[in-house]
Structure formats: structure tokens, C-alpha cells
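Visitor: Here it is, the structure, as C-alpha cells.
Number of protein chains: 2
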Amino acid sequence: MSGQKLVGSERQEALSQIPQWKEAEGRDAIKRTFQFNDFKEAWAWMNKVADVADKDDHHPEWFNVYNKVDVLLATHTCNGVSDKDIKLAKTMDSFFQN
Amino acid sequence: MSGQKLVGSERQEALSQIPQWKEAEGRDAIKRTFQFNDFKEAWAWMNKVADVADKDDHHPEWFNVYNKVDVLLATHTCNGVSDKDIKLAKTMDSFFQN
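Going down the list, the protein sequences come from chains A and B. Just so you know, we're using UniProt numbering here: the first sequence kicks off at 1 and counts up by one. Just so you know, we're using UniProt numbering here: the second sequence kicks off at 1 and counts up by one.
Here it is as C-alpha cells:
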């Protein structure tokens, strides 16, 4: 993981691998909303993600209410989206089975 | 827990028990920000809260980034603040040792 800001074709290629993620408005970041059947499912998913995030020392910005989790990913050291965000997005997608 | 909207002196008395919580702007809800030393501490606290919230079937709206957790509590069935929110706020406070 370089943690360097993704730009140009490299960025497009990376984003094409996570088609459910969208560019955030007003900020160089990516976002996705995950919806679960209930809080228990949402929380189980968040726990799995939290474990990976902390091991990789790369943390999401996320908002939860009941069965819904809004996630925003960015890399503050490069002030944009890096390969660390792409990796975490893929991890989140892979843990999401709905 | 009645889940009924707290108003008037009953509300003031209840809020006086949780002085670190403030009224939210533009919405009948209460809010507090919790700051921890790192993500691991924040997450451990959130896990303890999540367990109680799910047992009581009364869930917070919360936003986490790294060591910070912004919480908003309201009771949607009464469209305001009820004793359920006061109870959850006290639980959160009691788990917060910083």
C-alpha cells in the first residue's frame, strides 16, 4: 500500500473495481451505503470491518443508525483517495453478503 | 421505559442528570461527542454500547472516525426525546471512563 493519491487513469481503473462506490460530493473521497436486515447484522459487519481497519491502521468514517451504515473513505495523509481506500472498500464489499 | 416524549419540567429534570448532553439543533434529540485515545478504545466502547442498545431495542445514531464518536439520541416512535434516550445516554456515560 503506497497511500498515494490516485489520479487519472489509475484512479479510474481502481474505481472500476468497486462499482458500488461513488465519489463523495465536495471532497476527494468515496462513499457507499450498506443496508442490512437489522442492527445485529449491521453491527456484525462493522465489527469485521473494524478489525481489518485497525490492523491496517486505515479507518473509515462511518455513520450507523439501526440497519444502515453510511461509509466514507479517504486517506488524510494524501488528502484524497489512495490504494488504502480501494483495499478497505473491497474488504467491506467482500464482508457484505446481502 | 415508557418511550413517551419528555416535555416541560420532567424533561429538564431528566436532562439535568446527563449534563454533558446537549439538545440537537433542528431536531428534537440530544447529542454528545465522545473522544478516546485511539480507534481501539473507541471501538471497545461502541461494542459495549451496541450490546445494551440491541438488548433494549433502542439504537443510537452515531458517527465514528478513528477515536471520535458523535452520538445523537432520539425516540422515533414519539418523534422526540424519551426516557429510553436518557437511559441510553446514562449507559454511554457510564461506559466512558476518559
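Positions of the beta carbon are idealized from the N, C-alpha and C atoms, including for glycine.
#1: To the nearest angstrom, how far is the alpha carbon of residue 6(A) from that of residue 74(A)?
#2: With DSSP as the reference, label residue 28(B) as helix, strand or coil.
#3: Figure out for me which residue from 13(B), 30(B), 78(B) and 12(B) has the closest Cα to the Cα of residue 72(B).
#4: Look at the alpha carbon of residue 68(B) and the alpha carbon of residue 21(A), and state the distance between them as a whole number of angstroms.
#5: Just verifying my parser: in three-state terms, what is the DSSP assignment at residue 97(A)?
#6: Who are the neighbours of residue 40(B) on chain E, taking C-beta pairs under 7 Å?
#7: Under 7 Å: does the beta carbon of residue 49(B) sit that close to some heavy atom of the ligand ADP?
#8: Answer yes or no: does any C-beta atom of chain A fall closer than 8 Å to that of residue 62(B)?
#9: Closer than 7 Å by beta-carbon distance: list the chain B residues that pair up with residue 65(A), in chain order.
#10: Quick one: which unbroken alpha helix (DSSP H) runs of 4-plus residues sit fully inside the region 56 to 87 of chain B? Chain order, please.
#11: Under a CB-based cut-off of 8 Å, is residue 21(B) close to chain A?
#12: Taking the alpha-carbon positions, what's the residue 9(A) to residue 56(A) distance?
#13: For residue 35(B), which of helix, strand or coil comes out of DSSP?
#14: So, for residue 13(A): in the same chain, excluding its five sequence neighbours on each side, which residues have a beta-carbon less than 6 Å away from its beta-carbon?
#15: On the DSSP letters alone, give me the boundaries of the alpha helix (DSSP H) that residue 16(B) sits inside.
#16: Under 7 Å Cβ to Cβ from residue 96(B), same chain only, skipping five residues before and after it: list those, please.
#17: Cβ of residue 3(B) within 8 Å of Cβ of residue 82(B)?
Guide: In brief:
#1: 11 Å
#2: coil
#3: 30(B)
#4: 24 Å
#5: coil
#6: Protein chains A and B are contained in the structure displayed, whereas chain E is not.
#7: Absence of the ligand ADP is noted for the structure shown, with no ligands found whatsoever.
#8: yes
#9: 59 and 61
#10: none
#11: no
#12: 26 Å
#13: strand
#14: none
#15: 8 to 16
#16: 34 and 45
#17: yes
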